[in-house]
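Throughout the sequence shown, residue numbering follows mature numbering (1 follows the signal peptide of the UniProt record, and there is no 0), covering -19 to -1, 1 to 218 in sequence.
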Amino acid sequence: MKEILYLFILALIQVVIFCQPNASDLGEYLQPCCANIPLMAELFDTDVYAFDYSGYGYSSGKPSEANIYADIRAVYEFVRKTRPDKKIVLLGFSLGTATVSDMAASRPEGLAGVVLVAPFTSGLRLIGDQPEKPTTCTLDRFNTYEKVGKIVVPLLVCHGNQDETIEVEHGLELARLARRAVPPLIIDEANHITIFNGKYMQTFTRIRRFLDEEINQSQECETNANIHDSAQEKMIM
C-alpha cells in the first residue's frame, strides 16, 4: 500500500490544500526562513493541508504525472471525509498548479475555489515558449490549458512579471481561459521564487481577500439565485 506523508494546520473557517512545486518537500515548507505552512494558516485563517508527492520526502511510490494526480485525490478524499463541514480551496504553486487544476477540473464535491501561483499552460507550451498555442500533440504533459475551462469555481492567478522560469503570459492565458477568474495579481518585481517565498506579501494578502471576499460573494450569489429560482417555481405552481 502506498503511503503519503501529509501535514495540516488547524484553523476555523476553510480548508486549503496546498500543492508544492517539483523541487521541494514538506521539510522546506516548515523552515522559518520562508513563507511556511504555519504562516500560511495564520495569514489565511484557514486549515492548511500539504503533502509530499509520491517518491518525495517520506512518501512512498515513484514520481509521475499519474501518481501526482492520484496523490491529490487521496488527500482531497481524506479531507472531505474528516472535515465534511469545511469549504475546500486548492492552492498550487508552479508544478502544483497542474496538480490543482487536474483535481478542480473533475468538479469534486465541496470545492469552493482555486488559486494558481506561477502556473504554466502545459509542458510543451512551456518548453516551446508558446503559452497561447491552441493545440499540442498527445505527448504534452500537465496540460492545464485544456483543463482550466472545466473549473466551475472562482479562480485566482498570481504571477511575477519577472518570472524567467514560467513567463507571466502563461498565468494571464489561464486567467483568460477560466470560466470564473477573478482579477489576477501580477507583481512587477517578483520572479518565480519571490512570488511565493514571503518577499512580496501582496501575494498572501491577495489570496486572503480571495478567500474572505470573492469566494464568499460568489457563494452568496449562487444561494440567492437558487432561492429566487425556487420562489419562481412555487409561484408558477
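Virtual Cβ for every residue (Gly too), placed ideally from N, Cα, C.
Closest Cα partner of residue i within the set the options
i	options	result
tyrosine 34	Asp110, Thr184, Lys43	Lys43
histidine 88	Phe59, Gly130, Pro112, Thr119	Reading off the sequence, residue 88 comes out as arginine, not histidine. It is Gly130.
serine 82	Arg54, Gln198, Pro164	Arg54
glutamate 170	Ser45, Val134, Gln183	Gln183
arginine 161	Thr175, Leu136, Gly38, Tyr10	Leu136
leucine 192	Leu11, Ala22, Cys(-1), Cys15	Ala22
isoleucine 176	Thr116, Leu155, Thr146, Gly36	Thr146
lysine 128	Leu11, Pro164, Leu155, Val60	Leu155
valine 133	Thr117, Cys139, Ser5, Gly91	Gly91
residue 275	Ala51, Asn142, Val163, Ile174	In the structure as shown, the chain starts at -19 and stops at 218, and residue 275 therefore has no counterpart that could be examined.
proline 100	Leu11, Ile174, Gly8, Tyr181	Ile174
valine 98	Ile18, Gly152, Val(-4)	Gly152
alanine 85	Asp6, Ala159, Ala4, Asp66	Ala159
Backbone secondary structure at residue i - three-state DSSP
i	result
glutamine -6	strand
alanine 156	helix
alanine 85	helix
glutamine 198	helix
glycine 141	strand
glutamine 213	In this predicted model, glutamine 213 has a pLDDT of only 47, less than 50, meaning its place in the structure is not dependable; the value taken from the coordinates is given anyway. If DSSP states are grouped into helix, strand and coil, glutamine 213 belongs with the helices.
tyrosine 39	coil
tyrosine 30	strand
N- and C-terminal bounds of the alpha helix (DSSP H) containing residue i
i	result
tyrosine 50	46 to 63
phenylalanine 25	18 to 25
isoleucine 108	104 to 108
lysine 128	125 to 128
Residues of its chain near residue i, where Cβ-Cβ distance is below 7 angstroms and the 5 sequence neighbours each way are ignored
i	result
isoleucine -7	Asp26, Thr27
leucine 24	Phe185, Arg189
proline 2	Phe74, Ser75, Leu76, Gly77
asparagine 124	Ser103
Sequence-distant residues of the same chain with beta carbon closer than 8 angstroms to residue i, five excluded per side
i	result
isoleucine 108	none
glycine 8	Gly38
N- and C-terminal bounds of the beta strand (DSSP E) containing residue i
i	result
glycine 94	92 to 98
phenylalanine 185	Run containing phenylalanine 185: none in the beta strand (DSSP E); it sits in the alpha helix (DSSP H), 183 to 190.
phenylalanine 74	68 to 74
cysteine 166	The displayed chain sequence assigns leucine, not cysteine, to residue 166. Start and end: 166 to 168.
Expected contact under 8 angstroms - CB spacing of residue i and residue j to nearest Å
i	j	result
leucine 71	valine 56	Their Cβ separation, rounded to whole angstroms, is 10 angstroms, which puts leucine 71 and valine 56 out of contact at 8 angstroms.
alanine 93	lysine 68	4 angstroms
threonine 119	proline 112	Wrong, their Cβ atoms sit about 19 angstroms apart, outside the cutoff.
tyrosine 30	phenylalanine -2	7 angstroms
threonine 80	tyrosine 50	7 angstroms
glycine 141	cysteine 15	Their Cβ separation, rounded to whole angstroms, is 16 angstroms, which puts glycine 141 and cysteine 15 out of contact at 8 angstroms.
threonine 117	arginine 106	6 angstroms
Beta-carbon contacts of residue i that lie in its chain and below 6 angstroms, excluding the five residues immediately before and after
i	result
arginine 187	Leu166
glutamate 46	Arg122
leucine 20	none
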